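Counting with the working numbering, you get residues 1 to 168 for the letters of the sequence shown. Backbone N, C-alpha and C define an ideal beta-carbon position, used for all residues, glycine too. Computed from a predicted structure; not experimentally measured.
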Amino acid sequence: MNDGTQVREPVRARLARVQQSVATAAAELGAEHPHHGFRAALDDLGARLAHVHDRCSEVSDDAWAAYAARLDRGLDELQVELGRAAEHADSAPSADDVLFSRTTRLELDGWLVRLDVPGAAPDHGRATELASAASRELADYRAACSTGAGASRAAVEQAMADLRRAAH
1 MNDGTQVREP
11 VRARLARVQQ
21 SVATAAAELG
31 AEHPHHGFRA
41 ALDDLGARLA
51 HVHDRCSEVS
61 DDAWAAYAAR
71 LDRGLDELQV
81 ELGRAAEHAD
91 SAPSADDVLF
101 SRTTRLELDG
111 WLVRLDVPGA
121 APDHGRATEL
131 ASAASRELAD
141 YRAACSTGAG
151 ASRAAVEQAM
161 ADLRRAAH
């Protein structure tokens with residue numbers, strides 16, 4: 001019976017959809033790029049997203065649908081960026097830098113969706129602050145990669161580790 005309310009997608013279906021999106025991207029990248037690191041990085045992303053999504057049932061249907069669409073778009077853009085990096089190895093960020101920055105952005109987006117859920121983190125304010133800091137660090141890293149200014153992942157990795165601890 002449909003009384004005008006939306007039927008919430010079951011949690012398992014939400015998680016399976018995300019895992020399928022990441023697995024499909026990993027398979028496609030693996031087929032196009034013989035470098036085994038691409039597959040491992042996407043497998044790691046899938047595992048990190050599984051932790052992020054442990055409260056996905058509390059995310060509204062609209063917010064989840066928008067997030068899933070952004071994830072799919074982000075994975076598609078990753079493939080395009082990796083192709084560009086391979087074609088223009090001397091002028092584009094390295095494929096490893098592209099992979100790191102894009103997968104970190106996808107994970108960060110997952111945390112932002114989770115943080116939209118009231119009570120999703122023990123210290124919501126601190127977790128939100130750390131998500132903003134991680135986003136800034138990632139933007140700085142991407143800018144450094146694009147200009148060849150000797151980008152360092154350390155600040156991004158630390159910001160993400162801080163966010164994971166605070167938000168989980």
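Using a Cβ distance threshold of 8 Å, residue 41 and residue 103 count as a contacting pair.
Residue burial is scored here from C-beta neighbours: residue 88 has fewer than 16 other C-beta atoms within 10 angstroms and is therefore classed as exposed. Between residue 166 and residue 126 the beta-carbon gap is near 5 Å, inside 8 Å, which marks them as a contact. Exposure of residue 147 is indicated by the presence of fewer than 16 other C-beta atoms within 10 angstroms of its C-beta. Counting only the Cα atoms, residue 28 lies some 24 Å from residue 51.
DSSP places residue 88 outside both helix and strand once states are collapsed to three, so it counts as coil. Cβ atoms of residue 134 and residue 108 come within 8 Å of each other, at about 6 Å.
Here the region 65 to 80 makes contact with the region 7 to 24; the two share three or more CB pairs at distances below 8 Å. Counting C-beta atoms within 10 angstroms of its own C-beta, residue 80 has fewer than 16 neighbours from the protein chains shown and is therefore classed as exposed. Counting the other CB atoms within 10 Å of its CB gives residue 139 a total below 16, which places it among the exposed residues. Looking from the CA of residue 72, the closest CA among 141, 154, 124 and 46 belongs to 46. Of the candidates 122, 136, 132 and 154, 122 places its Cα closest to the Cα of residue 168.
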